[in-house]
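Under numbering that gives the first Met the number 0, the residue at position 331 of the sequence shown is numbered 330, and the numbers go up by one with no gaps. Here is the structure we will look at, set down as structure tokens.
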Amino acid sequence: MSGFVSLDCGGKENFTDGIGLEWTPDNQLMFGETATISVTNETRKQYMSLRYFPADNRKYCYTLDVRNRTRYLVRTTFLYGNFDSSNVYPKFDVSLGATHWSTIVISDANTIEVRELIFLATSTISVCLSNATTGQPFISTIELRPFNGSIYYTEHETQFFLSVSARINFGAVSQDPIRYPDDPFDRIWASDSLKKANYLVDVAAGTEKVSTKMPINVNRDERPPEKVMQTAVVGTKGSLTYRLNLEGFPGFGWAFSYFAEIEDLSPNDTRKFRLILPGMPEVSKAMVNIQENAQGKNRLYEPGFPNISLPFVLNFEFGKTSDSSRGPLLNAMEINRYLKINGGSLDGTVITSLVSQYPLADWAREGGDPCLPVPWSWLKCNSDPQPMIVSIILSGKNLTGKIPLELTKLLGLVELWLDGNSLTGPIPDFTGCKDLKIIHLENNRLTGELPSSLMNLQNLKELYLQNNMLSGTIPSGLLNKNLVLNYSGNINLHSERSRGKRTSIIIGASVGASVLLIATMICYLFMCRGKKKYSQRDDLPSGLPSQRLVSSLSDASAETANCFAFAEIEDATRRFDTIIGSGGFGVVYFGKMRDGKEVAVKVLTSNSYQGKREFSNEVTLLSRIHHRNLVQFLGYCQEEGKSMLVYEFMHNGTLKEHLYGPLTRETSISWMKRLEIAEDAAKGIEYLHTGCVPTIIHRDLKSSNILLDKHMRAKISDFGLSKPTVDGATHVSSVVRGTVGYLDPEYYISQQLTDKSDVYSFGVILLELISGQEAISNKSFGVNCRNIVQWAKTQIESGNIQGIIDPSMKNEFDIQSVWKIAEKALMCVQPHGSMRPSISVVLKEIQDAILIEKGANAAREGNSDDLSRISSNSSFNLGSIEPGATEPYLSFDESILQPAAR
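Here it is as structure tokens:
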């Protein structure tokens, strides 16, 4: 097809593949390293090579030419193949221009990840890779496919892309997709028999495949290809039901079904059915009669919704009407998500003009938007939704010629660094850059006089001009400013004494450098004197003595911890008369200090080396970490032959007790509360993994170590087994410690501890929250199964989510939010740590599930005020809405909700 672009990333030569597509290497468009891979069962040449990039702060962009006002499909693919021999599965972002497109998460070295986007072209496009979280960004192929007309036209195409979530061929005769040349636009129609977990499940009894060899009238060639429409599924018992995961949802999307009557119906037969979406009764009003709507047999009919809110997990049904003799029939389906287009930097046009003057310079070839999703390596931007450039750093870049006038048009510029180049000519007028504070032009070949316009820069604090060929007299207004001015090395540039008060630091000779150095040292000393020592414990209760840890702890304990006297502890606990917990470490007692603060006192009973080491470890760690979702450590006591730890008292006990312990008899915690507990715990773990230097791995996460305060907010406890990581190391070699049922199997085998070991344990906790079951049980999971992970995995992957939901929640939950947590839990308990998400990713999914549940709660309670506050990202926003709006309309727009046959 004319206009097709097929880039073989990392390839060496042009070739034509087995289906007739012509591939070209990308070496003229992109730098970076290339690699060849070999993957089992993959023989296509375009996947035997890839291009990869450093895991740094830069973005790496392909810039492609397109035809203006033409709609395109852009497709990117990623096949890891362990190209770097590290088995560290990469995770990174892909964007189209300034718009974040998708996060690529590799979970299998031999599986191709595919992303597709439909957009209306207005100029060149940039496909960019950035933000490597793990591994290195890489790409296998980039494909551009133009469309002839308006099949994917939407009223919002100038503000939104269409991100492809599902394109399904129902009744497919094999697992192979249908694409070019059967589809002249090379869309990939996935087979409905594809064996992929949680792709199409919940298939209704009586679902059968049918097909025909008769030609199908698809009206125009942009509709689904004939080969797709020649197969279908039929609900012989009256219904077709499926469950489908929608990548990127909940949100608003474009969804169309495709029907063609391909069975021979008798004159008395009728086929009438409706689409049924749970919670969306208005959608079910429209009836489908294929032959009537399509005006004949073997003709395409395509009802759909150009703007509809859909959840992350879409449960849909086609059910026959009472007056129909035949069950429903479905040939194909497409669902695309509206992806908000980011307008990009306000300085995009200006900076593009600047870099065009340096086509051969490496720094000028980064491509894409200068600020989004990450800025170019030589500039900085502010954090506005449409950012402005605030800093240009082009020191030592071999720049020649005059200072580019484009720089004077960057109205938000604060810092300008052009030192160490070979720039010539005069200094231009920067009056328009009213926020400029720092200008570095030293070590160039600039000539002419200092422009008086520099006096107009009210915020200017530093002006470095040394070692140029400037001449004339420094404007008196500059000399009177509160300004660091260095003009040494310009033999023809002179100053005149100003009659006003002179507050600037003027460096006009060699002695100037010494003056500046002394001033800098004085500032540094004042800054140091103003800093607090990290070991100060301002958050401890007043009146408690503070001292260094005694030598019996460890030399590593450089932090300050609060030391209680034994008499204080004995008095607070009334001679240890109230036990509130116990475990392998010892016994926990309730106490109340003289100031009224309630505490929990853990008394170590083991005098073994291991017990003392865990005590020392917990004091050392807890003395330096503080977070609202970690149980507050108040201090320790080592007297009378006892070792004790003192914590804040948590009034509602452990999560374990509420899920399947004695507290479950009092009341069951709701699904919303369980989500909030999961969020609190994830925040605490995220702090340990990302907010501590070095990172801390808890190593014993379990439901009994998640404590609940008087408000039922969760906090992580028990750090006796925790381990700090070593800077630069990928793991900590450690003797295996932990609790059976929560223990990472990879850690157990390799004895190499990573933060992903905590993620595994947290995945088990998520499964406990859903099911109310223990991690290990001899009776709860059926024959030959004692482990919650094995049991839940079997149920979830078969689509039986109801089979693991805690009955005590009494169906007071939104099934979409449960699915979201269940599937993230399965990702957490993957056998290999590299396949598990970070705790930050898990936290984001929990927060998304909370949004879904809030919307559902508002609907159940009939509270329209609450509903209107729910973000448009909530899956419950089922009405019609402008994709850019932040709140849903509370009534349906019938013109949009009625299926639109195009």
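Glycine included, each C-beta is placed from N, C-alpha and C at the ideal position.
Range covered by the alpha helix (DSSP H) that runs through K226 | Walking along the sequence shown from the start, residue 226 turns up at place 227. Unbroken alpha helix (DSSP H) run through K226: 225-228.
Would you identify the three-state DSSP class for C906, choosing helix, strand or coil?
-> The requested residue 906 does not occur in the structure, where the chain is confined to residues 0 to 901.
Looking at C-alpha atoms only, which residue of N481, K596, D383, G278 is the closest neighbour of G854?
-> Locating residue 854 in the sequence shown gives position 855, counting from the first residue. The shortest Cα separation from G854 among N481, K596, D383, G278 belongs to G278.
Classify A259 as buried or exposed, calling it buried when 16 or more other Cβ atoms lie within 10 Å of its own Cβ.
-> In the sequence shown, residue 259 corresponds to position 260, counting from 1. Looking at its Cβ environment, which holds 16 or more other Cβ atoms inside 10 Å, A259 is buried.
Do you know how far the Cα of I668 is from the Cα of E246?
-> As a working note, residue 246 is residue 247 in the sequence shown. As a working note, residue 668 is residue 669 in the sequence shown. Taking the straight line joining both Cα atoms gives about 30 Å.
Of the residues P403, V389, T423, G31, the one placed nearest L410, counting alpha carbons only = Counting from one through the sequence shown, the residue named residue 410 turns up at place 411. Here the closest residue by C-alpha is V389.
Would you call the segment 357-373 and the segment 85-97 in contact, with 3 or more CB pairs under 8 Å?
-> yes
Just how far apart, CA to CA, sit K907 and E647?
-> It is not possible to answer for residue 907, since the shown part of the chain is limited to 0 through 901.
Confirm, please, whether the CB-CB distance from P310 to P249 is below 8 Å.
-> Within the sequence shown, the letter at position 250 stands for residue 249. Within the sequence shown, the letter at position 311 stands for residue 310. Less than 8 Å separates the beta-carbon of P249 from that of P310.
Cα-Cα, which of Q294, R43, M47 is closest to S37?
-> Stepping through the sequence shown from its first residue, residue 37 is reached at position 38. Cα-wise, what sits closest to S37 is M47.
Give the range of the beta strand (DSSP E) segment to which I388 is assigned.
-> Looking up residue 388 in the sequence shown gives position 389. Unbroken beta strand (DSSP E) run through I388: 388-392.
Pick out whichever of L329, G690, K408 has its Cα sitting closest to the Cα of L353.
-> For the purposes of this step, residue 353 is taken as residue 354 along the sequence shown, with counting starting at 1. The residue with the shortest Cα to Cα distance from L353 is K408.
Is R273 helix, strand or coil when you go by DSSP?
-> Residue 273 sits at position 274 when you count from the first residue of the sequence shown. Three-state result, R273: strand.
Going along the chain, which residues of its own chain have a beta-carbon closer than 7 Å to the beta-carbon of V739, five neighbours each way excluded?
-> Taking the sequence shown and counting its residues from 1, one reaches residue 739 at position 740. So the qualifying residues of the chain are I775.
Taking DSSP as the reference, what is the three-state secondary structure of A821?
-> For the purposes of this step, residue 821 is taken as the residue at position 822 of the sequence shown. In the displayed model, A821 falls within a helix according to three-state DSSP.
What do you reckon, are the CB atoms on L230 and K208 nearer than 8 Å?
-> Position 231 of the sequence shown, counting from 1, holds the residue named residue 230. Position 209 of the sequence shown, counting from 1, holds the residue named residue 208. One point to set straight first is that residue 230 is Thr, not Leu, in the sequence displayed. The Cβ atoms of T230 and K208 sit closer than 8 Å to each other.
Proximity winner among I275, S308, Y257, relative to Q912 (alpha-carbon distances) | Only positions 0 to 901 of the chain appear in the structure, and residue 912 is not among them; the question remains open.
Quick one: what does DSSP say A231 is sitting in, helix, strand or coil?
-> Along the sequence shown, one-based indexing puts residue 231 at 232. It is a strand residue.
Go ahead and pull the three-state DSSP assignment for T62.
-> Sequence index remark: in the sequence shown, residue 62 carries index 63 (1-based). Strand.
Run the CB neighbour count on R50, radius 10 Å, all protein chains shown included, and call it buried at 16 or more, exposed below.
-> Working through the sequence shown from its first residue, we reach residue 50 at position 51. Taking all protein chains shown into account, R50 has 16 or more neighbouring C-beta atoms within 10 Å of its C-beta and is therefore buried.
Sorted by chain position, which residues of the same chain lie with C-beta nearer than 6 Å to L620's C-beta, five sequence neighbours on each side aside?
-> On the sequence shown, residue 620 is found 621 positions in, with the first residue counted as 1. Only F718, S721 meet the Cβ criterion.
What is the DSSP secondary structure of G832, reduced to helix, strand or coil?
-> Mapped onto the sequence shown, residue 832 falls at position 833. In the structure shown, G832 sits in a helix (DSSP, three-state: H, G or I).
How is T407 classed by DSSP in three states: helix, strand or coil?
-> Stepping through the sequence shown from its first residue, residue 407 is reached at position 408. In this structure, T407 counts as helix in the three-state DSSP scheme.
Sort N86, R70, V349 by Cα distance to S122 and report the nearest one.
-> Residue 122 sits at position 123 when you count from the first residue of the sequence shown. Closest by alpha carbon: R70.
Could you tell me whether the segment 463-470 touches the segment 430-443, using the rule of 3 or more Cβ pairs below 8 Å?
-> Touching, per the Cβ criterion.
Leaving out five residues on either side along the sequence, give the residues of the same chain with a beta carbon under 8 Å from the beta carbon of R68.
-> For the purposes of this step, residue 68 is taken as the residue at position 69 of the sequence shown. Result list for R68: L119, A120, T121, in chain order.
Compare the beta carbon distance of A599 and F614 with 8 Å and say whether it is the shorter of the two.
-> If you number the sequence shown from 1, residue 599 lands on position 600. If you number the sequence shown from 1, residue 614 lands on position 615. Contact flag unset, no.
Which class does Y747 belong to by DSSP, given the choice of helix, strand or coil?
-> On the sequence shown, position 748 is the one that residue 747 refers to. Of the three classes helix, strand and coil, the one that applies to Y747 here is helix, per DSSP.
Measure the alpha-carbon distance for S756 versus I814 and round it to whole angstroms.
-> Taking the sequence shown and counting its residues from 1, one reaches residue 756 at position 757. Taking the sequence shown and counting its residues from 1, one reaches residue 814 at position 815. C-alpha separation (whole angstroms): 28 Å.
Quick one: give me the first and last residue of the beta strand (DSSP E) that E207 is part of.
-> Translated into the one-based positions of the sequence shown, residue 207 becomes position 208. For E207, the enclosing beta strand (DSSP E) covers residues 206-210.
Any heavy atom of the ligand MN closer than 7 Å to the Cβ of T407?
-> Of ligands this structure carries none, so the ligand MN is not represented either.
Counterpart residues of D7 in DSSP-defined beta bridges = What you label residue 7 is simply residue 8 of the sequence shown in a count that begins at 1. Paired residues: P24, T140.
Quick one: is D418 buried, meaning 16 or more other Cβ sit within 10 Å of its Cβ, or exposed?
-> Position 419 of the sequence shown, counting from 1, holds the residue named residue 418. When all chains shown are included, D418 counts as buried.
Is it the case that the Cβ atoms of Y910 and L161 are separated by a distance below 8 Å?
-> Limits of the chain in this structure are 0 at one end and 901 at the other, which puts residue 910 out of reach.
Taking just the CA atoms, how far does S421 sit from K44?
-> Position 45 of the sequence shown, counted from the start, is the residue given in the question as residue 44. Position 422 of the sequence shown, counted from the start, is the residue given in the question as residue 421. About 47 Å.
Counterpart residues of M286 in DSSP-defined beta bridges | Here residue 286 refers to the residue found at position 287 when the sequence shown is read from its first residue. Beta-bridge partners of M286 (DSSP): R273.
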